[in-house]
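Residue numbers are given in UniProt numbering: position 249 of the first sequence equals residue 249, and the series is strictly consecutive.
Step one of this worksheet: look at the structure below.
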Amino acid sequence: MPKPRVIYWFRTDLRLHDSPALKAALDLKPEVLYPIWCWDSHYVYRSRVGVNRWQFLIDCMNDVSQSISKINKKSQLYVLREPAVTLLPKLFKAWEITHLVFEKDTDAYGRDRDATVIESAKEAGVEVIFRSGRTLWDSDEVAKANGGKPTMNIKQLQTAGEKVGEIEPPIETPKSFPDPGELKLDFDQTQPEPTPDMNEKYRQNDEGSYNGGISGPKNDFHPPTLEELGLKPATTPHRGGESVILERLNSILSDEQYTGTFEKPKTSPAAFEPQSTFLTSPYLHFGALSCRYFYHRVEEIVEKRRKAKKPVSEPPTSLHGQLLFRDMYFAAQAVLGWSFGQTYNNSHCRFIPWHLPSKVDVSTKLVTGDYEVDDEEKEKQFKRWAEGRTGFPWIDAIMRQLRQEGWIHHLARHSVACFLTRGGCYISWERGAEVFEELLIDHEAACNIGNWQWLSCTAFFAQFYRCYSPVAFGKKWDDNGDYIRKYVPELKDLPKKFIFEPHKAPIQDQKKAGVVVKGDGSQEKEGDVAMYPKPMLDFNEARDVCLQGMKQAYHVGLYGNSPKVLDGSWKQLFDDSGEGPTEGEQGGPGGMLSFEEADGTEEDGHHPATPQKSKGGAVPGSPKSTRGRKREHSQGTLDGAFTKSAKK
DNA sequence: TCGTTTGTTGCGCCG
DNA sequence: GCGGCGCAACAAACG
1 MPKPRVIYWF
11 RTDLRLHDSP
21 ALKAALDLKP
31 EVLYPIWCWD
41 SHYVYRSRVG
51 VNRWQFLIDC
61 MNDVSQSISK
71 INKKSQLYVL
81 REPAVTLLPK
91 LFKAWEITHL
101 VFEKDTDAYG
111 RDRDATVIES
121 AKEAGVEVIF
131 RSGRTLWDSD
141 EVAKANGGKP
151 TMNIKQLQTA
161 GEKVGEIEPP
171 IETPKSFPDP
181 GELKLDFDQT
191 QPEPTPDMNE
201 KYRQNDEGSY
211 NGGISGPKND
221 FHPPTLEELG
231 LKPATTPHRG
241 GESVILERLN
251 SILSDEQYTG
261 TFEKPKTSPA
271 AFEPQSTFLT
281 SPYLHFGALS
291 CRYFYHRVEE
301 IVEKRRKAKK
311 PVSEPPTSLH
321 GQLLFRDMYF
331 AAQAVLGWSF
341 GQTYNNSHCR
351 FIPWHLPSKV
361 DVSTKLVTGD
371 YEVDDEEKEK
381 QFKRWAEGRT
391 GFPWIDAIMR
401 QLRQEGWIHH
411 LARHSVACFL
421 TRGGCYISWE
431 RGAEVFEELL
441 IDHEAACNIG
451 NWQWLSCTAF
461 FAQFYRCYSP
471 VAFGKKWDDN
481 GDYIRKYVPE
491 LKDLPKKFIF
501 EPHKAPIQDQ
511 KKAGVVVKGD
521 GSQEKEGDVA
531 MYPKPMLDFN
541 EARDVCLQGM
551 KQAYHVGLYG
561 NSPKVLDGSW
571 KQLFDDSGEG
581 PTEGEQGGPG
591 GMLSFEEADG
601 TEEDGHHPAT
611 PQKSKGGAVP
621 GSPKSTRGRK
631 REHSQGTLDG
641 AFTKSAKK
């Protein structure tokens with residue numbers, strides 16, 4: 001029997017410690033082991049990825065590459081510039097691969113991609129091994145233990161988790177690493193279709209990460225640089241990497257009192273330098289930190305304190321409670337798949353007639369990535385929210401910290417999410433989730449989507465009368481407004497009395513502080529004087545309107561997959577004078593006057609009759625129509641529709 | 001009854 | 001007497 005020739009395919013598991021999948025690869029005792037990363041066009045073009053998350057990803061890749069080299073200087077992380085679905089079949093042949101090993105992915109996109117890869121491995125006679133490693137428990141097993149239903153609260157998750165069994169103890173970091181084999185690249189590079197490019201607006205130059213061939217312009221298999229991606233330098237102070245977080249974790253956990261009595265709701269969203277929590281989330285996202293390793297390290301400390309009869313915190317507010325919520329969202333996503341990320345056709349998301357609803361493609365039942373502007377004023381409010389110029393300093397400080405640093409405290413996320421949706425603007429949570437997707441360095445699809453549904457009271461949470469005030473909530477944590485002074489520097493010299501409501505400051509006070517409160521934020525200066533906008537809405541008034549709207553929507557009681565939502569007839573159930581795009585009886589399912597029509601209704605009527613499982617669109621060679629303004633849906637595109645092929 | 005993380009008011013207490 | 005602070009009660013009302 002010849003010895004195995006193995007590809008270890010790194011994805012969101014950029015670590016060497018506690019990796020069940022990596023252990024499975026090493027247990028094969030391979031003759032050669034290729035640790036690779038496939039440069040995925042879904043991430044490059046079809047997901048919203050801001051520059052700060054790119055930086056963090058590249059940090060994590062470089063770090064794991066160095067760690068591999070430290071164990072075996074002949075090896076490294078080999079970054080190959082082609083999407084996995086086209087690249088892997090070629091590598092199987094060129095490198096005479098016998099086994100492909102990777103960590104299981106439960107994201108809807110990841111599952112579709114992996115299904116395609118597994119299929120091609122089968123055809124090539126390559127054995128595929130994958131292990132769950134991204135969550136405390138295998139999300140599919142949790143879902144099964146929960147009766148095949150999404151876990152919608154923490155109790156369900158805990159009960160299901162207990163049924164699945166003990167959380168696996170951490171696996172040691174490997175001490176040796178097999179050599180890679182010869183890196184033959186005697187095949188053409190298939191270049192992915194660069195349009196639609198969801199990140200076009202952030203690029204200062206053309207995206208060029210596929211231009212230097214499969215091994216990169218220096219032929220060293222290094223990750224692409226931000227310049228190659230056409231992006232400006234990152235602005236975040238947070239840096240990625242397994243070695244960074246493992247070291248920091250030791251210093252976090254050395255404070256046993258902090259670790260053992262941690263209660264999330266008691267940590268301040270306004271704290272900076274240092275923050276009140278320890279930013280493990282981006283490392284968890286890229287897999288630079290194992291959640292099980294983290295869990296067990298915390299549990300060890302809590303157990304020690306329990307035995308010593310010292311006070312300890314308990315889930316859900318404790319540190320391990322935070323990890324349980326993460327698993328809850330993963331398990332819910334594992335059941336609902338693509339529909340988890342949208343309202344339309346989501347069986348567990350309440351339907352609310354939000355402003356700026358997503359456009360949907362009724363043939364696939366998926367959102368297109370575009371949205372309907374039902375009201376120009378709401379579009380303007382959305383832009384002002386996203387850019388941090390609402391005229392509410394607390395909201396603006398949070399949104400500016402998010403844009404600049406890529407991380408904001410959990411309660412800060414609550415505050416701005418409530419404000420955009422049910423507690424202020426009555427704008428679709430899907431718009432907010434997209435902005436977070438772009439800007440967060442810790443963006444985890446399952447958690448981001450879950451939290452937006454939570455805050456908008458469309459799933460997981462329902463007490464919509466509990467509404468965050470953009471003034472009072474911030475004051476509770478930061479009476480002096482230091483957080484605002486840091487992130488909205490044009491207000492830094494305003495007296496404490498007006499820092500949360502600068503429009504109430506008399507002209508003399510504004511003058512003294514060197515700021516004029518005026519306009520809508522589109523102008524930064526008036527002459528030499530800094531400008532800060534007036535509030536874009538009357539909060540008390542807006543909150544009442546939202547509350548009425550929520551009450552009515554709850555009373556109507558529709559969900560994303562209700563027949564009347566699917567066909568657009570929901571409007572008949574809403575009062576025309578209510579908030580949101582409720583007017584008229586005609587319109588698309590997203591709610592508006594127009595919507596994305598199904599493919600092939602005109603000239604070429606050969607679109608599959610049952611497009612629900614969009615498998616057809618996922619396989620190379622069956623490109624979807626991109627005629628006119630029509631876009632492929634934002635979440636669903638595989639790296640399948642290739643038109644461009646270039647020689648290496 | 002309770003739910004990880006509301007806002008406001010009013011009371012007692014302290015200086 | 002009064003302002004500031006911390007805390008408890010309450011408001012509104014979901015599944």
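A virtual CB, placed ideally from N, CA and C, is assigned to each residue, including glycine.
What you are looking at is a predicted structure, and each value in this text was computed from that prediction instead of being measured.
Unbroken alpha helix (DSSP H) run spanning Arg113, endpoints: In the DSSP assignment, Arg113 falls within the alpha helix (DSSP H) that extends over 108-124.
Spatial distance of Trp354 from Ile427 (CA atoms): 5 angstroms
Val619 versus Phe436 - alpha carbon distance: Annotation note: pLDDT 28 at Val619 (below 50); position unreliable, coordinate value reported separately. Using only the alpha carbons, I get a separation of about 30 angstroms.
Gly587 classed as buried or exposed, judged by whether at least 16 other C-beta atoms fall within 10 angstroms: Interpretation of Gly587 is limited by its pLDDT of 46, a score under 50 that renders its predicted location unreliable; no figure is taken from the coordinates.
Ser614 burial status per 10 Å Cβ neighbour count (16 or more: buried): Caution is warranted here: a pLDDT of 31 is assigned to Ser614, below 50, making its placement in the model unreliable, and the coordinate value is therefore given only provisionally. With 16 or more Cβ atoms within 10 Å of its Cβ, Ser614 is classed as buried.
Collapsed DSSP secondary structure at Glu585 in the structure displayed: Confidence at Glu585 is low in this model, with a pLDDT of 49, below 50, so its placement is unreliable and the value that follows should be read with caution. Coil, per DSSP.
Whole-angstrom C-beta distance between Val126 and Leu100, which should lie under 8 angstroms: 5 angstroms
Trp37, DSSP secondary structure in three states: Note: Trp37 maps to strand in three-state DSSP.
Assigned secondary structure, Lys525 (DSSP; H/G/I helix, E/B strand, else coil): strand
Ranges of the alpha helix (DSSP H) found wholly within the region 438-522, counting only runs of at least 4: 445-455, 472-477, 482-487, 507-513
Beta-carbon proximity of Arg384 to Met536, cut-off 8 angstroms: Yes, the pair counts as a contact, with Cβ atoms nearer than the cut-off.
Whole-Å CB distance - Ile499 paired with Gly481, under 8 angstroms assumed: 3 angstroms
The region 250-260 contacting the region 390-400, beta-carbon criterion three pairs below 8 angstroms: Verdict: no, contact absent.
Pairwise C-alpha distance: Ile36 and Lys93: 15 angstroms
Cα-Cα separation, Ser562 to Lys504: 46 angstroms
Buried versus exposed, by CB contacts within 10 Å (16 or more), His42: By the neighbour-count criterion, in which a residue is buried when 16 or more other Cβ atoms sit within 10 angstroms of its Cβ, His42 is buried.
Contact under 8 angstroms by Cβ, Gly133 with Glu166: Result no, Cβ atoms of Gly133 and Glu166 do not sit closer than 8 angstroms.
First and last residue of the uninterrupted beta strand (DSSP E) at Gln189: 189-191
Residue from Val298, Ala433, Tyr283, Asp442 whose Cα sits closest to the Cα of Leu16: A check of alpha carbon separations from Leu16 across Val298, Ala433, Tyr283, Asp442 identifies Tyr283 as the nearest.
Identity of the residue in His443, Pro223, Ser139, Gln189 nearest Ala332 by Cα: Ser139
Residue range of the unbroken alpha helix (DSSP H) whose run includes Asp327: 319-336
Inter-residue CB distance, Tyr344 and Val565 (contact presumed, cutoff 8 angstroms): 7 angstroms
Cβ contact (3+ pairs, closer than 8 angstroms) linking the region 440-454 and the region 323-330: With the cut-off at 8 angstroms, the region 440-454 and the region 323-330 touch.
Where Met61 falls, given that 16 or more other Cβ within 10 Å makes a residue buried: Per the 10 Å Cβ criterion, buried.
Expected contact under 8 angstroms - CB spacing of Glu524 and Val49 to nearest Å: The pair is not a contact, with the Cβ atoms about 27 angstroms apart (cut-off 8 angstroms).
Option in Thr280, Val373, Lys534, Gln510 with minimal Cα separation from Lys518: Lys534
Close Cβ partners of Lys144 (< 7 angstroms) along its chain, the five nearest in sequence each way excluded: none
Neighbourhood of Gly321 by C-beta, 6 angstroms cutoff - its chain only, sequence neighbours within 5 removed: Closer than 6 angstroms at the Cβ level, and outside the excluded window around Gly321, lie Pro315.
DSSP state of Tyr43 mapped onto helix, strand, coil: helix
Span of the alpha helix (DSSP H), counted from its first residue to its last, around Tyr210: No alpha helix (DSSP H) contains Tyr210, which DSSP labels as neither H nor E.
Length at least 4, wholly inside the region 140-201: the alpha helix (DSSP H) runs in chain order: List check, alpha helix (DSSP H) in window: 154-164.
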